[in-house]
Structures are given as structure tokens and as C-alpha cells.
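Have a look at the structure below before the remarks.
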């Protein structure tokens, strides 16, 4: 039996009792409201509470039930390159024609997507491309250590498996493409090992004889369940005094006195706000800062095989098939397909089920596909492939942490550490392990 999991939960009126008691007076005793209860928002809320702030988190659904629920689980520190390269332009016709291809653009969404795509292509010029790579790399290089520290601090180090990951290839004619990838990674200082087919199978014995070789990335890892990670962050945050409430933030405004949020449960007044609402962040940012951020969404799909959790020990990506397989506590997750179709169109679940076909032939024996479940979520993507991590608005009352595209899980812990520096501006960039905030400023879109 197969089924589909949708993660948009319907509002529960009982969940709003805490908001309602204060929203009628438009005053809250929190020092900051965090809009968004995904992995970035919850990690930030925990760090801010540990720095002494009173924090309230608002989200339309339960924590971790958006993009954080269904990501690939891969801590992809090796992925230091932007979401597209110069080959994108010639691939657009295929993206429009193939509804099940690894990269799809819904033709009905093309008019709305065109300005974003133009900006994406503009950022592929050599200088901005190098700027994006440097910004991604700086976050990624600090990410794994930040995650280890954060999970250890809440007593959940076992949620992270630091076994590394593999990029494998099957065909003789793709060996040159793999070698080119290895050279690019080496040029950015990404640790890697070149393996032949036998060496790949020694690390992951269940892989097929079709595998001719691959790259092993020792400084990567995966989590055993992304939603479980968020759940444990929420548990720790609540213990630190953070309050979580189900409410949709409909509009917002900020001035020198504070921030007022109009929610589905009434008005809420707080001194500061952190927007960490992923793909839904742009309208709030425009209202709070006056900057129209060119935020779009990569719609990601996964297929979960609950009977195959022990098949592999690390995340494995196929060079030719362009998808990733990650072992998790509840099974084997197949993920990696990307679709540009916006926030409104219904999911195209055939894309998730296509992942079964992509996985066939990669193993020495067939996968057990019984009881598989499918999922779709929205990855927040900016055309330069860099997130926005910044303070803005009147008196710096608007804090921002969104736009991490497919690296939201990877970069969440280090983002939380960067955001916690906003409490005392003089602390910014004083910690040598953290990157400079310069590449992630909102001002790059204010021109």
C-alpha cells in the first residue's frame, strides 16, 4: 500500500489560547517574535533564549511540518556551488517539456518565474558567481561543527551521523564529468577521496556492480530524521522558556517603538521580530523593511521507503540520475527532484513516485517499495543562492534568517549562531569560527 503525506496542517483553535490572551491588548511580554517554526526558526529561537531573550515562535502549522519535514537529511557541506550554472539557459526548453525530469519549470508559472530566472542568470557572471560560492562555502565550512555543538548541547548527538557521503557514477562516459566535479570541489578546498567501484562497494556493500566509482566526502553527514531534529530543538527551546503558538502572520509593520503583527488570532506587539518563514518570508519582509526580496521556491519531493532503513549507511547521490538516497530511522529517503511552480499550484506527486524508477538498478538486490509515502515541500530560493541573515528596519528591530534553498538543514545551526550575535551588535564577527555577515545582507536587494 502506498500513500501521500501532506504537511500543511489545519489550524487548531485550542492551540491559540496563549496568543489570544495577549493579542486582544496587542501586547506581548516576549522580547522577540520568531515567525517560522522550521529548522532555522527553531534553532534561532533556542539560541536567542539561551542568550536571555524571552521568545515566542509563531507558525501556521506545527513546528517542523514545512520544508524541514521532508528534506533529504543530508548535511551537504560539500555543496558549495549555486543552485544553477551556465548550462541552465539551454536546459529551459527541456524543463518545460518534461514534467518528470530532475529539474522542471511549470509552463504556467513561467511568466511569474521569468524575472527571478533572469536574475539567476545574471548572477552566473564570473564575479557574482565567485561571490556566491565564497558565501556558501563560508557557511558550509562552519555548519557541521555548529550542528555537533548544538545537538550535543541538547543531549541529542545521536541524531547526527557523521559517516560522510558518496557521489557515484555508473557509465564510462561520465567519468570525465566526475573528474571535472572533483577538480571543482578541490578548487574550493572541499575534502574528498576518489574511489573506484570496488572501493565504493566496500563502503556501501549493497550498491550494484553497475557503480564504476565515485567521490567520498568525509566532512559531510546526515541526520536520522529531519523532523525529529526539529522536535528535539523545540523540546529544548520550551525548556529554555520559548513559547510556541499556532498562528498565521497576515501582515506586519515596524517603527521605532516596536513591531506589530496582525495574525489569524489577533494583533501582537513585540519589540523585535525574526522572519524565518522560509518560502513565505517575502511579503512580511516587504512590509517590515520596504525591500521586495526576489524570493522564489524550489518545490522539492521525496519518497520514503519504510522497509529499507538499513540498506545503506550514508547518503549516496547518483551523478547520472540526479537524486540522493539517505538512510533514516524510519526508512530510506529518496529525494532531490526540483520543480519551479510557485506556492499555489497543487503538488505534482508523480515526480515523487518517479524516484522509485531512479533508484532501480543502483542496488545489488531490488528495494522493498511496500508502504512507500510521498511528500512535497517548498525550498526558499534567492537568485544568488545565498540566504539573507541580517538586521534591518527601524532601530534594527527586524531580524532576518531565510532563503537557504536546499541548504536550510545544513546551514540552520550556524545561522542560529549568527543571529544570536544580533543581541549585542558589538559581538558580530568576533567569533573566529563564524563567517562575516557581509554576503548575506538584505541591502544587496535594496538597490
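Numbering (the working numbering), first residue to last: 2 to 448. Note that beta-carbon positions come from the ideal geometry of N, C-alpha and C, so glycine has one too.
- Taking 9 angstroms as the cut-off, the Cβ atoms of residue 251 and residue 260 do not count as close.
- According to the DSSP assignment, residue 141 belongs to the alpha helix (DSSP H) that extends over 127-154.
- Secondary structure at residue 170: strand, using DSSP grouped into helix, strand and coil.
- Rounded to whole angstroms, residue 297 and residue 423 show a C-alpha spacing of 26 angstroms.
- Secondary structure at residue 274: strand, using DSSP grouped into helix, strand and coil.
- By alpha-carbon distance to residue 38, the top candidate from 305, 355, 62 and 283 is 62.
- Beta-bridge pairing by DSSP links residue 252 to 263.
- Within the model, the alpha-carbon separation for residue 139 versus residue 146 is close to 13 angstroms.
- With a beta-carbon spacing of about 5 angstroms, residue 160 and residue 224 fall inside the 8 angstroms limit used to define contacts.
- Inter-residue distance for residue 126 and residue 370 is about 43 angstroms (C-alpha atoms, whole angstroms).
- Of the residues 446, 392, 349 and 99, the one whose Cα lies closest to the Cα of residue 376 is 349.
- Three or more beta-carbon pairs separated by less than 8 angstroms are not found between the segment 340-349 and the segment 303-314, which leaves the two stretches without contact.
- If you ignore the 5 residues before and after residue 165, its C-beta comes within less than 8 angstroms of the C-beta of 217, 218, 219, 220, 221, 222 and 315, all in its own chain and listed in chain order.
- Only buried fits residue 171, as 16 or more other CB atoms lie within 10 angstroms of its CB.
- Between the alpha carbons of residue 367 and residue 285 lies a gap of roughly 47 angstroms.
- Judged by DSSP in its simplified three-state form, residue 75 adopts strand.
- Residue pairing by DSSP places residue 297 opposite 382 in a beta bridge.
- Of the other Cβ atoms in all chains shown, 16 or more fall within 10 Å of the Cβ of residue 414; this residue is therefore buried.
- Distances from the alpha-carbon of residue 253 to those of 236, 275, 100 and 244 put 275 closest.
- Distance check between residue 35 and each of 271, 302 and 152 places 271 closest, using alpha-carbon atoms only.
- When DSSP states are grouped into helix, strand and coil, residue 419 belongs to the helix group.
- With a beta-carbon spacing of about 6 angstroms, residue 231 and residue 64 fall inside the 8 angstroms limit used to define contacts.
- A contact is defined here as three or more CB-CB pairs under 8 angstroms, and the segment 432-444 fails this definition with respect to the segment 94-107.
- Rounded to the nearest whole angstrom, the CA to CA distance from residue 239 to residue 245 is 8 angstroms.
- Per DSSP, residue 328 is one residue of the beta strand (DSSP E) stretching across 324-329.
- Listed in chain order, the non-local C-beta contacts of residue 134 below 8 angstroms within the same chain comprise 81, 82, 83 and 189, local neighbours out to five positions each way being set aside.
- Residue pairing from DSSP places residue 33 in a beta bridge opposite 56 and 273.
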